[in-house]
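Residue numbers (UniProt numbering): 1 to 262.
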């Protein structure tokens, strides 16, 4: 079940987002001034009627090498300009389509305030090779986390399992979770609910000399600077967990073809 914000908190636009994503990206959006070909994506999931999306080919192929390889290949998707995708929920893909055209993370209500949805969106963008969307989702996730009450900033075990089941050992999303876990405490009775690799990462983080030195410095700084510190990570700290947006299209073309064939 999605975990929502305190009803007293209203998010219209994250000021943090505006620092990273300026109008330059919007100016590079493919032009729709002239007629453009459309591709069809049929979204399938168990127990629900399929959804069909008609998307401008130049839009989806610009932002996603996954779809670019598929719709420009000699496989069925390239010949028919159609693709079937099996997803657990259609809502996340719909937010992705909105983002393709608006370059903003919005749902039918105008904004996304669910940490669960943002994590699903990050994982979907990972699959489709869209690092810009991954970074926007992470920025909004951190902004939402900072607005929550101090004892409610940690991700529940269900989200941690989803992250660890769908990412690799060197995933920046895993590193982000570990780096921000100092806000949360794992109760002994709840330990078994958490992914084993997550608990191992926590232990390794605590035992790291670099982490220990950082914590000691923070304690010393707070003792001499009693003023209230802002909640959450700084801009530079958050960027450590961003996906590199410059290397996706430089991947091995054989690997791209493999992605398209899945």
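Note that CB positions come from ideal geometry on N, CA and C, so glycine has one too.
Other residues of its chain near residue i: CB distance less than 7 Å, five sequence neighbours each side excluded
| i | result |
| --- | --- |
| residue 92 | 117, 120, 121, 124 |
| residue 50 | 42, 43, 44 |
| residue 178 | 201, 202, 205 |
| residue 130 | 63, 64 |
| residue 248 | 65, 129, 131 |
| residue 195 | 160, 161, 164 |
| residue 97 | 53, 55 |
| residue 197 | 164 |
DSSP-derived helix/strand/coil call for residue i
| i | result |
| --- | --- |
| residue 247 | coil |
| residue 237 | helix |
| residue 111 | coil |
| residue 82 | strand |
| residue 242 | coil |
| residue 224 | helix |
| residue 60 | helix |
| residue 232 | coil |
| residue 201 | helix |
| residue 24 | Any reading at residue 24 needs caution, since the residue's pLDDT is 44, under 50, leaving its predicted position unreliable; the model's value is listed next. Residue 24 falls in the helix class under three-state DSSP. |
| residue 169 | coil |
| residue 77 | helix |
| residue 196 | helix |
Cβ-heavy atom distance, residue i to the ligand SAH, below 7 Å
| i | result |
| --- | --- |
| residue 56 | Looking for the ligand SAH in the displayed structure turns up nothing, as the structure carries no ligands at all. |
Same chain only: Cβ atoms within 8 Å of residue i, ignoring 5 sequence neighbours per side
| i | result |
| --- | --- |
| residue 38 | 54, 55, 56, 57, 81 |
| residue 4 | Here the model assigns residue 4 a pLDDT of 42, short of 50, so the residue's position is not dependable, and the following value carries that caveat. Contacts found: 113, 114. |
| residue 52 | 40, 41, 42, 43 |
Bounding residues of the alpha helix (DSSP H) (the contiguous stretch that carries residue i)
| i | result |
| --- | --- |
| residue 53 | Element bounds for residue 53: not the alpha helix (DSSP H) but the beta strand (DSSP E), 48-56. |
| residue 162 | 157-165 |
| residue 116 | 115-128 |
| residue 177 | 172-179 |
| residue 65 | 65-71 |
| residue 143 | 131-147 |
| residue 95 | 90-102 |
Residues near residue i by beta carbon distance below 6 Å, same chain, minus five either side
| i | result |
| --- | --- |
| residue 67 | 60, 61 |
| residue 90 | 43, 51 |
| residue 30 | 58, 59, 62 |
Environment of residue i [buried if 16+ CB atoms lie within 10 Å]
| i | result |
| --- | --- |
| residue 216 | exposed |
| residue 220 | exposed |
| residue 22 | Note on residue 22: pLDDT 47, under 50, position unreliable in the model; the coordinate value appears next. Residue 22 is exposed by the Cβ-count criterion. |
| residue 101 | exposed |
| residue 79 | exposed |
| residue 180 | buried |
| residue 135 | buried |
| residue 243 | buried |
| residue 34 | exposed |
| residue 126 | buried |
| residue 245 | exposed |
| residue 169 | exposed |
| residue 106 | exposed |
Residue i: first and last residue of the uninterrupted beta strand (DSSP E) it sits in
| i | result |
| --- | --- |
| residue 45 | 38-45 |
### Query
At a cut of 8 Å, does the stretch 37-56 reach the stretch 78-85 through at least three beta carbon pairs?
yes
#### Entry: At least three beta-carbon pairs within less than 8 Å, the stretch 233-240 to the stretch 132-147
yes
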